[in-house]
Each structure stands twice: as C-alpha cells, then as structure tokens.
Amino acid sequence: MPFGTAVAVLAVVMFGQVPGEGRWASELSNFAHAPAFAIVTLTVIALLRRAPVRPVSALREYSLAIAVSLLLGALVELLQLMTGRDASFDDLLRDALGALAATGFLAVTDPKVRERPSRRLLQRIGLLVGVTSTAIIIAPLAITGTAYLQRHRNFPTLVDFSSPVGTYFLGAYSAVTVQRERLPIVLAGDGEEAVGLHARLQGNKGWGLALWEPYPDWRGYDSLALDLANPTGATLLLRVRIRDHSQRNQRQAGYFGMITIPPRSRRTWTIPLERLAAARGRAYVNTTTVHSLVLTRDPGNRAQEFYLMRIWLMRD
C-alpha cells in the first residue's frame, strides 16, 4: 500500500494539471509539488521501517528518505522534459522543501526520536525545520491570493502601485527595468505623495510592459484611463495594444492605439471602449474577456523613462 501511494502521487505530479488558466493555476500547480513529495518522503520512511534489514537510526532514515525523494523528483523533471512539458530546478526545490517539512514535523512525534537522549533538541530542530519549510512553501501561494484579492477589491482600478503586490500581474520585457517609486514632487501636484511604477528604457531598443489578467469583464464602463507621467525633456510616445482571451497568441490582433505625453508633465490618457467593441476583423476586442494590455515603445520615442501611476475603467 505505501509503495502504491508513492507511485500514485508521482503520477499525479508528472501528468496532473490544475484546471484553469492564469497565474493562480500555475502557482497552485507549483505548490502541489511540496505536499506531494512530503507524502513520498513519509512513504519511503514507512517502507524502510518495514524492510527486513538491520534497524538504523531515525536520522539516517530521514536522510535516506529525503535523498530518495529528491532522486525521484529529478527523475520526474527529466521525464517531463522528455515528454515536452516544462521542467525546472524550482520544482526540485519545492520537492526538497516538502521532504524537509515532512521529516521535520515527523521528528516531533516520532517514537524513534523519543528514544534518543537528545530527543528534546531533535524535536525542536525538527519543529523549526518543519515550520520554516512550510512557510517558504506557502509564501508564493499567499502572495498570489493577496494579489487576486486586491485586484478584486480595487476594481474598476485594474492596477495601481500603492502596495508591493500591485506589480504582481505586470511583466517587463527586453530593454526596460521597472521599480515602484514615488513620483517626483514637481509632477505629483498638490503635495501628493503618489507611488507609481518607474520604467527606465535602455536606449531606443524595443521593449514591452504588459498587464496580464486585468479584471476581464469591462461591460458597463465607457473608457479605459491610464495615468502616466513623463519626467524627461522629450515627448513620450507609446503604443498600446489590448487583446481578449481569443487573441492571446496573436501578436497583431486586438486594439492598437498611440499615447503621447508632453515633456515634464503628467496626463490621464483615455481610450473609449466603443473603439474596441465596434472594431472589425482582428481589431475587434471582446470586452467581456479581456486578456492583456501591453505598452511598447513607438519608434519615434526619445524619452528614456516614465511613470505609470494607475490604469482604471471609467463611466462617462
């Protein structure tokens, strides 16, 4: 039975897939590695204790079980790579954390540990290892949940940067670096201490700033608004593209527009949503299933930095 349990768990890790799309599904799938390999580790320990061999100490059993679990984890990643699925060292790290958490908590109640003279020390170390490993395992899932909850609470604001999780759904690509920073006072106005995303561009190379998974249903709203600030002496020229779920793999599909922000100024740029819904052909965007919003450099742009403060939906 323990052997069958281990095989079943490994099969789920290798072939199973969380139904759904989005970062929450990816994070939940990643998280599953840790409890799965915690079960595998405990199963290996159970098998070792049933084996008709000379008994060994609990610590040796734990070490051997962790080593076997990591070997199995590496084998799973290799098989996934060979079958065309993603494989990563991060998954192997989650496997290790799951194994450590299992052995750490087991040490607290394990009768074989209680028999040792140094049991109290071992139990305390085990509890520390178990709690620490579990906290590291849970942290990404907690951040993901917080980001989705904030997105839901802030709607019709699609993204702002008042908290660190505001950058969760944002991706920066190629020749651009981004960081949450306070907007310069000269651009903030009225003594406002606004925090935005400060984007620094590297030369005139191509780059992209993408908002993934904005709240998808934009019905009942009339305009999309972007609060942008240009601290440079050159005019900021950006391109914006909005795609729905059916267009997520079509680079040239969806709404396409231009944004112009004068030098040393802060402006709210609005896009009427009727332009998205009334367009024809590949330019049409279904505003009930919005997938992404992408900002890219216009070839004529010479501004080397800008601030993105907020993106939200408005009613006229």
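Remember, this note's numbering sits 11 above the position in the sequence shown when you count from 1.
Here a beta-carbon is modelled for each residue, glycine too, at the ideal position from N, C-alpha and C.
Exercise. Can the beta-carbon of I282 be found closer than 8 Å to that of V170?
Worked result: no
Exercise. In chain order, what residues of the same chain lie with their CB nearer than 7 Å to the CB of R313, ignoring the 5 residues before and after it?
Worked result: A245
Problem set entry | CA-to-CA distance, G115 to I136, given in whole angstroms | 7 Å
Exercise. Using the C-alpha atoms, what's the distance from N41 back to P128?
Worked result: 39 Å
Problem set entry | Own chain partners of R259 with C-beta closer than 6 Å, once the 5 adjacent residues on each side are dropped | H302
For this session: Kindly indicate which residue of D238, P242, R125, T178 has the alpha-carbon position closest to the one of R211.
Result: P242
For this session: Return the bridge partner residues of M269 from the DSSP annotation.
Result: R250
Problem set entry | For G207, the first and last residue of its enclosing beta strand (DSSP E) | 206 to 212
Exercise. Counting along the chain, where does the beta strand (DSSP E) carrying L194 start and finish?
Worked result: From DSSP, L194 is part of no beta strand (DSSP E); its letter is neither H nor E.
For this session: Determine, using beta-carbon pairs with one atom in the stretch 76 to 86 and one in the stretch 144 to 164, whether at least three such pairs fall under 8 Å.
Result: no
Problem set entry | Burial state of V142, where buried means 16 or more other Cβ atoms lie within 10 Å | exposed
Exercise. In terms of residues, what are the limits of the alpha helix (DSSP H) holding W229?
Worked result: That residue, W229, is in no alpha helix (DSSP H); it is neither H nor E in DSSP.
Exercise. The beta strand (DSSP E) spanning S276 covers which residue range?
Worked result: 276 to 283
For this session: With a 10 Å radius around its C-beta and 16 neighbouring C-beta atoms as the bar for buried, classify E126 as buried or exposed.
Result: exposed
Problem set entry | Coarse secondary structure for A240, derived from DSSP in three states | strand
Exercise. Where in the stretch 116 to 193 do unbroken runs of the alpha helix (DSSP H), each at least 4 residues long, occur, reported from the N-terminal end onward?
Worked result: 122 to 125, 130 to 165
Exercise. Going by beta carbon distance, what residues of the same chain come within less than 7 Å of I253, once the five residues before and after it are set aside?
Worked result: G265, Y266, L287, V296, V301, L304
Problem set entry | Spatial neighbours of A158 in its chain, beta-carbon cut-off 6 Å, leaving aside the 5 residues before and after | V176, Y179
Exercise. Mapping DSSP to helix, strand and coil, what is S257?
Worked result: helix
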